[in-house]
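**Student:**
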Amino acid sequence: MSDQPTAEHSLVSDEEALERLRALRGSIDNLDAALVHLLAERFKCTQQVGELKAAHHLPPADPAREADQIARLRRLAEDAKLDPAFAEKFLNFIIDEVVRHHRAIAARPKRV
Numbered sequence: 012m013s014d015q016p017t018a019e020h021s022l023v024s025d026e027e028a029l030e031r032l033r034a035l036r037g038s039i040d041n042l043d044a045a046l047v048h049l050l051a052e053r054f055k056c057t058q059q060v061g062e063l064k065a066a067h068h069l070p071p072a073d074p075a076r077e078a079d080q081i082a083r084l085r086r087l088a089e090d091a092k093l094d095p096a097f098a099e100k101f102l103n104f105i106i107d108e109v110v111r112h113h114r115a116i117a118a119r120p121k122r123v
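For what it's worth, the numbering used here labels the leading residue of the sequence shown as 12, then goes sequentially.
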C-alpha cells in the first residue's frame, strides 16, 4: 500500500479547501463592506468637525490631537494583535484626507 493520497482523496480535500476559501472570502467581503460603512460614518463626523473649525477660524489640522490619536490607535492595535506600524499608516492616511477636507471647507466662500 502506498502512503500517497489517492486521486479521490485529493479531490475531496481540494473541494473542501475551495469551500473553505469561498467562506473565508465571503467573510472578508462582509468585513470590507463594514469598513466602508464605518469610514463613511467617520467622514460624516469629521465633515462636521471641519465645518465647526471653519466657522470658528480654527486651523484645519490639530497636530497634538493627531499625535494622541496615533498613540491610542497603536495601543489598540497592539491589544488586537495588529501591527501597530500598519495601524499608524492607516490612521495617517485617514488624517491626511480629513485635513485635506478641512482645508477645502475653510477655503470655501463664506455664506452671508
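Cβ coordinates follow ideal geometry from the N, Cα and C atoms, glycine included. In this text, all values refer to a predicted model and were calculated from it rather than measured experimentally.
Would you say Ala137 and Ala34 are within 7 angstroms of each other, going by their C-beta atoms?
**Tutor:** The structure shown has nothing for residue 137, since the chain only spans 12 to 123.
**Student:** Ala88 lies in the alpha helix (DSSP H); which residues open and close that run?
**Tutor:** Note, Ala88: alpha helix (DSSP H), Pro74 to Asp90.
**Student:** Between Glu108 and Glu26, what straight-line distance do the alpha-carbon atoms span, to the nearest angstrom?
**Tutor:** Taking the straight line from one Cα to the other gives about 43 angstroms.
**Student:** Cα-Cα, which of Arg119, Phe104 and Lys121 is closest to Phe54?
**Tutor:** That would be Phe104, whose Cα lies nearest to the Cα of Phe54.
**Student:** Tell me which residue opens and which closes the alpha helix (DSSP H) that His113 is part of.
**Tutor:** Per DSSP, His113 belongs to the alpha helix (DSSP H) from Pro95 to Ala118.
**Student:** Counting C-beta neighbours from all protein chains within 10 Å, is the total for His48 16 or more, i.e. buried, or is it exposed?
**Tutor:** Label assigned to His48: exposed.
**Student:** Check Arg122 in the structure and name its three-state DSSP category.
**Tutor:** In this structure, Arg122 counts as coil in the three-state DSSP scheme.
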